[in-house]
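This report refers to the structure that appears directly beneath it.
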Amino acid sequence: MAMAAARTLTGLERRLSRCRACLDAGHPLESLPVRAPLANQRAYLFGQAPGIQEGIERRPWRGRAGATLRRWLDLDEATFYGTFFCASVTRCDPGRAPSGRGDRTPSLEEQRLCSRWRDEELRLLQPALIVTVGGLATRTLLGIPTIGEAVGLRLELPDGAIAIPLPHPSGASSWINVPANRVRIAEAVALIHAELGQLHPAA
Ligand code: SF4
Numbered sequence: 141m142a143m144a145a146a147r148t149l150t151g152l153e154r155r156l157s158r159c160r161a162c163l164d165a166g167h168p169l170e171s172l173p174v175r176a177p178l179a180n181q182r183a184y185l186f187g188q189a190p191g192i193q194e195g196i197e198r199r200p201w202r203g204r205a206g207a208t209l210r211r212w213l214d215l216d217e218a219t220f221y222g223t224f225f226c227a228s229v230t231r232c233d234p235g236r237a238p239s240g241r242g243d244r245t246p247s248l249e250e251q252r253l254c255s256r257w258r259d260e261e262l263r264l265l266q267p268a269l270i271v272t273v274g275g276l277a278t279r280t281l282l283g284i285p286t287i288g289e290a291v292g293l294r295l296e297l298p299d300g301a302i303a304i305p306l307p308h309p310s311g312a313s314s315w316i317n318v319p320a321n322r323v324r325i326a327e328a329v330a331l332i333h334a335e336l337g338q339l340h341p342a343a
């Protein structure tokens, strides 16, 4: 069913908090939607999906991966959440993968159902900077097939926003532990800070 366009981010996030579209379509979920704390952010951080801790707290990036991401970015919690509007491909904890290794990747149908929230957020927020985190988020938003091709790029999108991809900081990714890739992560973080410096020149 088509969703009427929201007029404000606050209204949109209120609607998001009640979404059960995937459950209604028969997909298993382990949490209610996780929402971004609103703070007039001008940067949009786009990950894959919440995990267990995020689902419990209903806030993004609360587990170990979030701590690693903040360490990469050298941002404390308050600055991180005040800088980035944190969103993801899907917004509810999808549960563990059937193999037992890591989180379940949301199905294509779940990704499609949840894309309505991303599209509306981008329309309302019009972020100057978009940081994608992980392969799925980078493929979804930027169309770059692999994280190996993406990290280190600075892309200007048709609307003028700058996009910078990062790998996923989860311990499930071996890519981030390759020494040469750690250098590339540091280069991507430097690009992000350069853009943040344009957004917040007095910071
Ligand atoms: S994953 Fe997205 S579309 Fe699916 S129920 Fe949660 S908020 Fe709704």
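Counting in the working numbering, the sequence shown runs from 141 upward without gaps. For every residue, glycine included, the Cβ atom is placed at its ideal position computed from N, Cα and C. Small disclaimer: the values here were computed from a predicted structure and weren't measured.
Residue burial classification, residue i (beta-carbon count within 10 angstroms, cutoff 16)
{"i": "Ser-157", "result": "exposed"}
{"i": "Arg-263", "result": "exposed"}
{"i": "Pro-168", "result": "exposed"}
{"i": "His-308", "result": "buried"}
{"i": "Glu-289", "result": "exposed"}
{"i": "Gln-188", "result": "buried"}
{"i": "Ala-328", "result": "buried"}
{"i": "His-243", "result": "In the sequence under discussion, the amino acid at residue 243 is Asp, which differs from the His named in the question. By the neighbour-count rule (16 or more Cβ atoms within 10 Å), Asp-243 is buried."}
{"i": "Glu-249", "result": "exposed"}
Three-state secondary structure (DSSP) of residue i
{"i": "Leu-215", "result": "coil"}
{"i": "Thr-272", "result": "strand"}
{"i": "Ser-255", "result": "helix"}
{"i": "Arg-236", "result": "strand"}
{"i": "Leu-295", "result": "strand"}
{"i": "Pro-190", "result": "coil"}
{"i": "Ala-165", "result": "coil"}
{"i": "Thr-306", "result": "The displayed chain sequence assigns Leu, not Thr, to residue 306. Leu-306 falls in the strand class under three-state DSSP."}
{"i": "Ala-343", "result": "Interpretation of Ala-343 is limited by its pLDDT of 47, a score under 50 that renders its predicted location unreliable; no figure is taken from the coordinates."}
Rounded C-alpha distance that separates residue i from residue j
{"i": "Leu-149", "j": "Ala-218", "result": "20 Å"}
{"i": "Asp-216", "j": "Trp-201", "result": "12 Å"}
{"i": "Thr-272", "j": "Phe-186", "result": "5 Å"}
{"i": "Pro-298", "j": "Ile-332", "result": "19 Å"}
{"i": "Asp-259", "j": "Ala-320", "result": "35 Å"}
{"i": "Val-291", "j": "Ile-304", "result": "8 Å"}
{"i": "Tyr-184", "j": "Leu-306", "result": "13 Å"}
{"i": "Cys-159", "j": "Phe-225", "result": "19 Å"}
{"i": "Gly-283", "j": "Asn-180", "result": "27 Å"}
{"i": "Arg-199", "j": "Arg-175", "result": "6 Å"}
{"i": "Leu-295", "j": "Ala-205", "result": "25 Å"}
{"i": "Cys-232", "j": "Ser-313", "result": "21 Å"}
{"i": "Leu-178", "j": "Pro-246", "result": "25 Å"}
{"i": "Gly-235", "j": "Arg-154", "result": "23 Å"}
{"i": "Leu-152", "j": "Arg-279", "result": "24 Å"}
{"i": "Thr-286", "j": "Leu-209", "result": "19 Å"}
heavy atom of ligand 2 below 7 Å from residue i C-beta
{"i": "Ala-161", "result": "Among the ligands modelled here, namely ligand 1, ligand 2 does not occur."}
N- and C-terminal bounds of the beta strand (DSSP E) containing residue i
{"i": "Gly-187", "result": "183-187"}
{"i": "Ala-227", "result": "224-228"}
Range covered by the alpha helix (DSSP H) that runs through residue i
{"i": "Ala-290", "result": "287-290"}
{"i": "Ala-330", "result": "319-339"}
{"i": "Leu-178", "result": "First-last for Leu-178: undefined, no H or E at that position."}
{"i": "Thr-150", "result": "149-156"}
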